[in-house]
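Quick notes on the structure that follows.
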Amino acid sequence: RGNLIMALSNKFGWLPLATSNKSELAVGYSTIYGDMCGGYSPLKDCLKTRVYALSRYRNSLSPAIPEAVIERPPSAELRPDQVDQDSLPPYEVLDAVLHRFVDLDWSIKDIVAAGFEEAMVRRVAGLVLINEYKRRQGSPGTRITSRGFGRDRRYPITSGWREGRS
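Right, here's the structure in full:
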């Protein structure tokens, strides 16, 4: 898909938009030559729950996004009947953890003390750390939070450094 989009971009002078959001980019639920492909990423700093809220707000002005798209369970669509919640916490929980870990720079210990399950927090934090290499290959995008991926938050792509994150 990415090759086709970029070929059309070159032919017609278009700027393709990448569709990944902050939640997907954080935990690696994005494909480098798929939904990450593009010249600009408008949702790059929007957690998935915010994307849903923005979609509902947009539709409150006048219906533009099919309701079936908003209501469909999120899926990476890499295999039949796959949904993100098969391997991730619900986005309401995931985004609350990501906000604390990424935006506020809380430690795993502090997030657990706030009432989140430790094994889940450790898994999410691990996914954030090991997927730095993917985020480095993404397109630039709109920054709307105090701490976006990129200049604000960078880790070695080898993920060997984890000091102070427990």
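Read in order, the letters of the sequence shown are residues -5 to 160 in this note's numbering. In this text, a Cβ means the ideal position worked out from N, Cα and C, and glycines have one as well. Just so we're clear, the structure is a prediction, and the values are computed from it rather than from any experiment.
- For the pair G32 and P10, the CB atoms are nearer than the 8 Å cut-off.
- Taking 8 Å as the cut-off, the beta carbon of D39 is found no closer than this to the beta carbon of K5.
- By the CB criterion at 8 Å, L37 and T13 fall inside the cutoff.
- Here DSSP, grouped into helix, strand and coil, assigns L92 to helix.
- Just measuring C-alpha positions, the residue of N125, T136, S81 sitting nearest Y34 is T136.
- Restricting attention to E86, V96, A1, the CA atom closest to the CA of L19 is found in V96.
- In summary, I105 is buried, with 16 or more beta-carbon neighbours lying within 10 Å of its beta-carbon over all protein chains present.
- Per DSSP, L123 is one residue of the alpha helix (DSSP H) stretching across 112 to 124.
- Counting C-beta atoms within 10 angstroms of its own C-beta, P68 has 16 or more neighbours from the protein chains shown and is therefore classed as buried.
- Distance from G132 to M30 at the Cβ level is roughly 5 Å; contact confirmed, criterion being Cβ atoms closer than 8 Å.
- Rounded to the nearest whole angstrom, the C-alpha separation of V87 and G7 is 40 Å.
- The beta-carbon separation of I151 and E126, rounded to 5 Å, stays under the 8 Å limit for a contact.
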